[in-house]
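>
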Amino acid sequence: MTFSTEDVKMVLSTISGYLIVLAVLLVVAIAVAVTVRKMDKLKKCLIRWQALFAWLLAVVVCVNTICFGVYGDTLNAALAEKKDISEEAKEASRNTVQETAEEGIVLAKNEDKVLPVTDVKKLNVFGWASTNPIYGGSGSGASDSSTSVSLLQGLENAGFELNTELTDFYKNYADARPEAGTSVQDYTLPEPTADAYSEEMLANAKDFSDYAVVVVARVSGECFDLPTDMYEVIHNDSFDPDNQSIAENGTYTNNGDYDDFEKGQSYLTLDKTEQDMVALVCKNFDNVIVVYNGANTMEMNWTDKYPQIKGVLLCPGAGSTGFNALGEIISGEVNPSGKTVDTWVKDLTQTPYFNNIGDFTYDNIQDYVAEIIAADNGSLQPGTFVDYNENIYVGYKFYETAAEEGLIDYDALVQYPFGYGLSYTKFSQKMGEIQEDENGNITFDVTVTNEGDTAGKDVVEVYYNPPYTNGGIEKASANLIQFEKTNLLQPGESQTITVSFSRDDMASFDSYENQCYVLEKGDYKISLRSDSHNVLDEKTYKVSDTVIYDESNPRGSDDTAAVTRFADVEGDDSCDITYLSRKDSFANYKEATAAPSEKQHTMSDELLATYVSNANYDGTVYNNDSDEMPVTGAKNNVKLADLRGLDYEDPKWDDLLDELTYDEMENMIEFGGWHTAAIKSIDKIATAECDGPAGVNNFMTQHYGTSYCVEVMLAQTWSKEIAEKFGEAMGQEYADIDNYGWYGPAMDTHRSAFGGRNFEYYSEDGVLGGYIGAAEINGAATKGVYAYLKHFALNDQEINTREMLCTWTTEQAMREIYLKPFELAIKNFEGTSIGVMVAFNFVGTTWVGASKPLMTEVLRDEWGFRGAAITDYFGGYGYQNADAGVRAGTDLMLNMVSQFAHITDKSATMTKALRQASKNILYTVVNSGAYTEQAYQNATKMPAWRKTFITVDVILGALLVAAEIAVVMNYRKKKREQGNKEK
């Protein structure tokens, strides 16, 4: 979500009516002034003054109407009295960030026990990124890192002395990282060329220490996916820095007189200058430790080409204090226990998704595109698509299954498996006997023993391998189903952890025959693994009879059965999409993973007819004549605070909702950007909401909290306990400033390594992301903060995510991969107030916010979600439409100024939809921290800006009255004098 320059245009569009009125009145005033030019001087002067006063009065009235009416709540949010985050909350946050990094940094390689470094206290740190590391990402997930502990400071704080000749060399080369934002992305990787290192400098470095730490970093952010061909970026001439226009893939400046990247090399490979630097370091040092500082999985096979590289640490954006943890791990003060959250492959071009990410455009809808742009001048270029061709085989689920089927040589392709991470000690894990209760809950004990000589923590990873029938329901051979993390275990110490999950969780979604979840009979291998690939212990669970979870037999976690609702999202024959299948050992792999065919670039007439935009949307066709108009404007004297703590189905809600008028409901729903609006009739207070996943990020009120490490770092802890502490500490900062709505955390899937916002999404696996997300939002909820889980759903790339991006996938993949983290987080939420944020993209040919199957049938009916659904930034963009959203189950428009957020249909059907949306918003707000006694009192005080405005109004009114009296009295005086002279 971003705040763009288009907002200025939309503000002007929203107030254009007032501006037109003022302009017309000004013309009238001027016309009057001209018309009376031949009158006698006294009358002419009087009338001209009256025309001026009338126009000034109109200005005052219009400004008041805008500021107290159209933008009243927005100004309340933007100009609210600024409260400060307490020092106690800041300190708790910084401690939490450091603790998260202590358990989230992954030790990926440790040959000859090069780590920890205990025999020396001096380090040479190579790589320009060491002086400008990555703390987070750009966009709404950004945070202020100006006071963060730097990477070099983190090493120094751990007791290491650093080679300052090297660090000064890098600082003098370039003092700041290139710009990264939502409007422009600079992928330049500043790095001195190899010939810049003098022999004296290298000799001094070798004399200083036998150890060399090499830092390599990659940045990512909102609105941009990482380039798959940097050679094209280098030779891209379309970037114009004078007007900040966006080049197709951003911009890049070479380090030397050569191309840093060869054709076809991606941003996630090592460029030539970095390669030369690594080779130079390995030539001069035998103990080399590589630190990769980035959230997107990079090709790291180069670390195995040099025997001198003995250690590798994976350290994503570290936030305010995370680099302290890096120093602690290198020094041995902390034993690393992080695990990877993605599969790290050696060649990203060989992944099954590689040919189906990025920018694909339909070539036959340009006439329709022109209509869309004409209807909505804020629209971006529509008509794009993406195929989730790999089906359910995302990340490790592909690699483990493909290896079992003999399609791939696993070791040749995979560098680090999913769930992989080393320790300074050695653990063993033993699995107890499987038990099942009458409700189908499966439990067993896992005994973890520290068999080494160093205290440490270990992760219990539980996977299942279901029975697969060739050509039947698609199934991966390895599926994470549950995980836990141990306490700190001393050498020789053991801990027994009880693992529990439902057998329903092993069911697969059958999109075709049964059109629901099915648990097929057969043997299910349940295993403990050190990562997705290596089995530690395994037992078999037998299902005697196939269980079909249809409408008469929903899964235990579902309110209503999960049945086929998205058959159209798979596309019709005209889409020409082949989805990857395990049938005959992935016999269709080549066809399924190919780039979109020529046919796919043409949208069929049948699909085009379902492609709804603001150019052709007509909500009245959905009105039902049999709907009864709900009661509005009643005088039941029920106040919103009276309903705090009451059940969602409590009848008192109807009494409250009956009091709302159509305009009150429409206004609250329409203007939902960074706040929820006040409603005087029910004493609903205005509440503040803001970004972001990495801490408080409210540009409206200028509140910026502690810089939190990125969500990849949090997920790499594999610790629900840490995630809950993370949410609790962040929630306290939100609560300190009475900001109880949180646009986060982000829950989407790492479909590809090139996703621009992978840093703020947890993982390629929905189970890991879902449970970590649930723990985080549960922690925030203890402080009264309600989270909007975002971006719901299938928002897994940044390129064209706002451009009516048609996403095509199977329903099985939707449910088992992309909806899974949201589902688990919602079903495991233990608080009361919760929300979701709707994504920009389409599912099939429908904006997700206008998809009733998604927003109502799945989210609310199946999962039991009781909360508010808000759009991502509401700019219209050619397709966002509040009328369509509210009818589907989207409640709140993250908007200040878009015409398409305004709802005008006053039918019974729409009024009922507004009533339901209002209930969802009010239920969320009243059960949050905004309605605690102190917060409520703070919110009911008149904002200082309103007091000032009213004071100015009074003064201006008095001045206008005084001026009017003066003019009239002067006119009468002159008139009398004139009369006396005539006598």
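Residue 11 is where the sequence shown starts when you use the working numbering, and the numbers rise one by one after that. Built from N, CA and C at the ideal position, the CB exists for glycine as well. Since the structure is predicted, the reported quantities are computational estimates derived from the model, not experimental observations.
1. Give the secondary structure of residue 250 by DSSP, where H, G and I count as helix, E and B as strand, and everything else as coil.
2. Please go through the stretch 273-318 and give each complete beta strand (DSSP E) segment of 3 or more residues, from N-terminal end onward.
3. Classify residue 751 as helix, strand or coil using the three-state DSSP reduction.
4. Would you mind reading off the limits of the beta strand (DSSP E) that contains residue 700?
5. Given the structure, does residue 593 come close to the ligand COA, in the sense that its CB is under 7 Å from one of the ligand's heavy atoms?
6. Using DSSP with H/G/I as helix, E/B as strand and the rest coil, what is residue 104?
7. Output needed for residue 461: all residues of its chain with C-beta closer than 6 Å, excluding positions within five of it in sequence on either side, in chain order.
8. Measuring straight from C-alpha to C-alpha, what distance separates residue 526 and residue 286?
9. Going by CA-CA distance only, name the one from 169, 497, 474, 923 that's closest to residue 538.
10. Here's the rule: buried if 16 or more other CB atoms are within 10 angstroms of the residue's CB, otherwise exposed. What is residue 991?
11. If you measure between the beta carbons of residue 532 and residue 509, is that distance less than 8 Å?
12. In angstroms with no decimal places, state the Cα-to-Cα distance between residue 251 and residue 243.
13. Can you grab the Cα-Cα spacing for the pair residue 692 / residue 650, in whole Å?
14. Taking the C-alpha atoms as reference points, what is the distance between residue 32 and residue 641?
15. Can you name, in chain order, every residue of its own chain whose Cβ lies under 8 Å from the Cβ of residue 978, other than the five neighbours on each side?
16. Can you find at least 3 beta carbon pairs, one from the stretch 293-303 and one from the stretch 316-325, that sit closer than 8 Å?
17. Using C-beta distances below 6 Å, list every residue in its chain close to residue 346, excluding the 5 sequence neighbours before and after it, in chain order.
18. Three or more beta-carbon pairs under 8 Å between the stretch 512-530 and the stretch 453-470, yes or no?
19. Quick check: the Cα distance between residue 311 and residue 350, rounded to an integer number of angstroms?
20. Quick one: which unbroken alpha helix (DSSP H) runs of 4-plus residues sit fully inside the stretch 816-858? Chain order, please.
21. Please list the terminal residues of the continuous beta strand (DSSP E) segment that includes residue 539.
22. May I ask you to report which of helix, strand or coil DSSP gives residue 138?
23. Determine, using beta carbons only, whether residue 777 and residue 830 come nearer to each other than 8 Å.
24. Report all residues from its chain with a CB closer than 6 Å to the CB of residue 102; omit the five preceding and five following residues, and keep chain order.
25. Whose C-alpha, out of 520, 580, 723, 128, is nearest the C-alpha of residue 343?
26. Taking buried to mean at least 16 other C-beta atoms within 10 Å of its own C-beta, is residue 595 buried or exposed?
27. For residue 763, write down the residues that DSSP places opposite it in a beta bridge.
28. Let me know if residue 130 comes out buried or exposed under the rule of 16 or more other beta-carbons within 10 Å of its beta-carbon.
29. Please classify residue 271: is it buried, with 16 or more other beta-carbons within 10 angstroms of its beta-carbon, or exposed?
30. Can the beta-carbon of residue 379 be found closer than 8 Å to that of residue 392?
31. Out of 276, 371, 281, point me to the one whose CA is closest to residue 266's CA.
32. With burial defined as no fewer than 16 other Cβ atoms inside 10 Å of the residue's Cβ, what is the status of residue 37: buried or exposed?
33. Can you grab the Cα-Cα spacing for the pair residue 838 / residue 688, in whole Å?
34. Taking residue 1004 as the reference, which of 177, 433, 329 has the closest Cα?
35. Alpha carbon to alpha carbon, how far is residue 971 from residue 858? Give it in angstroms, no decimals.
36. Let me know the beta strand (DSSP E) ranges lying completely inside the stretch 849-936, each 3 residues or longer, listed in chain order.
Answer, in terms of the structure:
1. Confidence in residue 250 is poor, its pLDDT being 46 and thus under 50, which makes the residue's placement unreliable; the coordinate value appears in the next sentence. Looking at residue 250 - three-state DSSP - the assignment turns out to be strand.
2. 297-303
3. strand
4. 697-701
5. The ligand COA is not among the ligands present in this structure, which contains no ligands whatsoever.
6. helix
7. 436, 438
8. 55 Å
9. 474
10. exposed
11. no
12. Bear in mind that the predicted position of residue 251 carries a pLDDT of just 43, short of 50, making it too unreliable to give a figure here.
13. 6 Å
14. 38 Å
15. Non-local C-beta neighbours of residue 978 in its own chain, meaning closer than 8 Å and more than five positions away in sequence, comprise 56, ordered along the chain.
16. Between the stretch 293-303 and the stretch 316-325 there are three or more inter-stretch CB-CB distances shorter than 8 Å, so the stretches are counted as touching.
17. 115, 117, 339
18. no
19. 16 Å
20. 830-837
21. Per DSSP, residue 539 is one residue of the beta strand (DSSP E) stretching across 532-539.
22. Helix, per DSSP.
23. yes
24. Excluding residues within five positions, the ones whose Cβ falls inside 6 Å are 739.
25. 128
26. With fewer than 16 neighbouring CB atoms inside 10 Å of its own CB, residue 595 falls in the exposed class.
27. Looking at the DSSP assignment, residue 763 forms no beta bridge with any residue, so it has no partner.
28. exposed
29. buried
30. yes
31. 281
32. With a 10 Å radius around the Cβ and a threshold of 16 neighbouring Cβ atoms, residue 37 comes out exposed.
33. 31 Å
34. Since the first residue of the chain shown is 11 and the last is 993, residue 1004 is not available in this structure.
35. 54 Å
36. 878-881
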